[in-house]
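Convert by adding 3 to the 1-based position in the sequence shown; the result is the number in the working numbering. Heads up, the beta-carbon is just placed ideally off N, CA and C, and yes, glycines get one too.
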Amino acid sequence: MDPDVLFLAEHFEGKLAPSTLELAAKARELAASSSGAPRGILLGHDAGALADSLTPYASEIVLVDDPALAEYAPGPYEQVLRATMDRTPPRVLLVAHSAVGYDFAPALAGAMDLPLVTNCVDVRLEGSTLVATRRLLNEKVQGEFEIASDRTYVVTLRPGTVKPPEPHPPGRLTRSEVAVDAGAARERFLRIERPQVQDIDIGQADVIVAAGRGIKKKENLALFETLAKRLGGVVGASRPLTDLEWLPKTRQVGQSGKTVRPKLYLACGISGAMQHVAGMKDSGFIVAINTDPSAPIFEVAHVGVQANVLEILPALLKEIGA
Ligand SMILES: Cc1cc2nc3c(=O)[nH]c(=O)nc-3n(C[C@H](O)[C@H](O)[C@H](O)COP(=O)(O)OP(=O)(O)OC[C@H]3O[C@@H](n4cnc5c(N)ncnc54)[C@H](O)[C@@H]3O)c2cc1C
Numbered sequence: 004m005d006p007d008v009l010f011l012a013e014h015f016e017g018k019l020a021p022s023t024l025e026l027a028a029k030a031r032e033l034a035a036s037s038s039g040a041p042r043g044i045l046l047g048h049d050a051g052a053l054a055d056s057l058t059p060y061a062s063e064i065v066l067v068d069d070p071a072l073a074e075y076a077p078g079p080y081e082q083v084l085r086a087t088m089d090r091t092p093p094r095v096l097l098v099a100h101s102a103v104g105y106d107f108a109p110a111l112a113g114a115m116d117l118p119l120v121t122n123c124v125d126v127r128l129e130g131s132t133l134v135a136t137r138r139l140l141n142e143k144v145q146g147e148f149e150i151a152s153d154r155t156y157v158v159t160l161r162p163g164t165v166k167p168p169e170p171h172p173p174g175r176l177t178r179s180e181v182a183v184d185a186g187a188a189r190e191r192f193l194r195i196e197r198p199q200v201q202d203i204d205i206g207q208a209d210v211i212v213a214a215g216r217g218i219k220k221k222e223n224l225a226l227f228e229t230l231a232k233r234l235g236g237v238v239g240a241s242r243p244l245t246d247l248e249w250l251p252k253t254r255q256v257g258q259s260g261k262t263v264r265p266k267l268y269l270a271c272g273i274s275g276a277m278q279h280v281a282g283m284k285d286s287g288f289i290v291a292i293n294t295d296p297s298a299p300i301f302e303v304a305h306v307g308v309q310a311n312v313l314e315i316l317p318a319l320l321k322e323i324g325a
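And the structure:
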């Protein structure tokens with residue numbers, strides 16, 4: 004068993020998924036405790052530049068370049084990872100808990116008879132035991148699970164739960180030859196179908212101005228749009244606002260919405276129900292505005308303002324000349 008920790012780089016239309024850097028950060032941390040090295044593997048076609056851009060985040064990036072790997076395809080991906088891990092089985096394989104990851108990781112673990120733990124919000128190694136943190140019972144509680152195995156642990160990590168890493172001196176880029184038999188795959192990539200309604204991805208925003216039921220009326224959202232624009236951010240929401248269709252579902256933060264980690268999260272008229280907090284508590288700096296001094300949002304906020312948001316926001320906009 005190799006002590007290294009391998010992560011699977013995810014990319015789409017020539018860009019790395021942000022979760023890939025989060026995996027790299029966790030791989031570095033785990034590798035430090037297994038006395039191994041953090042290594043990444045990127046599968047793609049004509050993806051040399053992309054693989055090169057990842058080298059500051061790992062000791063080694065392995066690039067497997069093949070036309071059959073131009074888009075994610077479960078069969079060819081499995082062939083490559085099996086061949087790679089048969090050669091050098093890592094201590095842990097980290098995969099994002101994304102649409103790709105939760106399709107791919109269980110299939111690989113099943114095919115290779117490896118222990119699998121999915122949708123982790125954290126993971127660590129204690130000796131050769133893997134300790135995974137997962138949320139349970141509709142995210143109401145968090146549990147730690149120990150798994151002891153002498154085989155590679157396959158872990159899917161929920162995006163947005165790990166801080167992206169600082170770059171290090173670049174590791175090496177290795178090209179690996181793996182014969183991919185695209186004909187043997189049971190699935191074939193046909194095309195990408197985009198949802199008809201396009202919206203911004205709040206998961207990518209540095210600043211989120213989030214509105215809750217406390218804003219009272221849909222018309223008041225205009226204040227939030229103005230402030231978000233002025234701060235270079237986007238408007239997010241608690242679930243009642245997306246249920247009321249004041250904003251699209253894509254703007255919902257929380258357990259049944261998006262997990263976000265902006266630099267600044269401004270929570271306005273949001274009570275701080277656990278399902279909401281689950282999606283934003285790891286934000287860099289949280290400011291909460293609420294009329295109720297006992298609102299649970301103040302427990303996660305770095306700065307709490309007990310005020311009527313419909314008075315304070317216009318005053319703030321005036322102050323900053325927006
Ligand atoms: C399975 C499940 C999944 C869920 N998933 C999510 C999810 O992903 N995201 C999510 O957000 N919720 C989710 N919920 C709903 C969640 O439990 C809460 O009901 C919801 O977050 C409450 O939204 P809110 O804070 O905007 O509204 P409320 O709880 O009604 O709170 C409104 C707040 O505004 C304050 N307020 C009122 N007027 C003002 C004012 N003028 N100025 C300032 N403050 C004011 C009030 O004091 C109050 O604290 C889920 C629930 C379940 C059961």
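- Query: Between the Cα of Gln145 and the Cα atoms of Ser152, Val157, Asn122, Pro162, which residue gives the shortest distance?
  - Reply: Comparing Cα positions, the closest option is Asn122.
- Item | Ala34 vs Phe10 beta-carbon contact at 7 Å | No, they are not a contact pair.
- Just checking my contact of Leu84 with Leu111 at CB under 8 Å: how many whole Å lie between their CB atoms? 6 Å
- Any beta strand (DSSP E) of 3 or more consecutive residues that is wholly inside the segment 117-155: 119-123, 125-129, 132-139, 144-151
- Out of Arg137, Val212, Thr87, Thr294, which has the shortest C-alpha to C-alpha gap to Val1? In the structure displayed, the chain extends from 4 to 325; residue 1 sits before or after that span and is not available.
- Query: What residues in its chain sit with their C-beta under 7 Å from that of Val103, if we drop five residues either side in the sequence?
  - Reply: Glu13, Tyr75
- Gln255 bridges to which residues according to DSSP? Ala240
- N- and C-terminal bounds of the alpha helix (DSSP H) containing Thr87: Counting along the chain, the alpha helix (DSSP H) containing Thr87 begins and ends at 77-90.
- Message: Can you tell me whether Gly17 is helix, strand or coil according to DSSP?
- Response: coil
- Task: With a threshold of 6 Å, establish whether the CB of Gly217 neighbours any heavy atom of ligand 1.
- Result: yes
- Item | Same chain only: Cβ atoms within 8 Å of Glu81, ignoring 5 sequence neighbours per side | Phe107, Ala110, Leu111, Ala114
- Message: Taking only three categories from DSSP, how would you classify Thr177?
- Response: strand
- Is it the case that the Cβ atoms of Gly236 and Ile211 are separated by a distance below 7 Å? yes
- Message: DSSP three-state label for Val158, please.
- Response: strand
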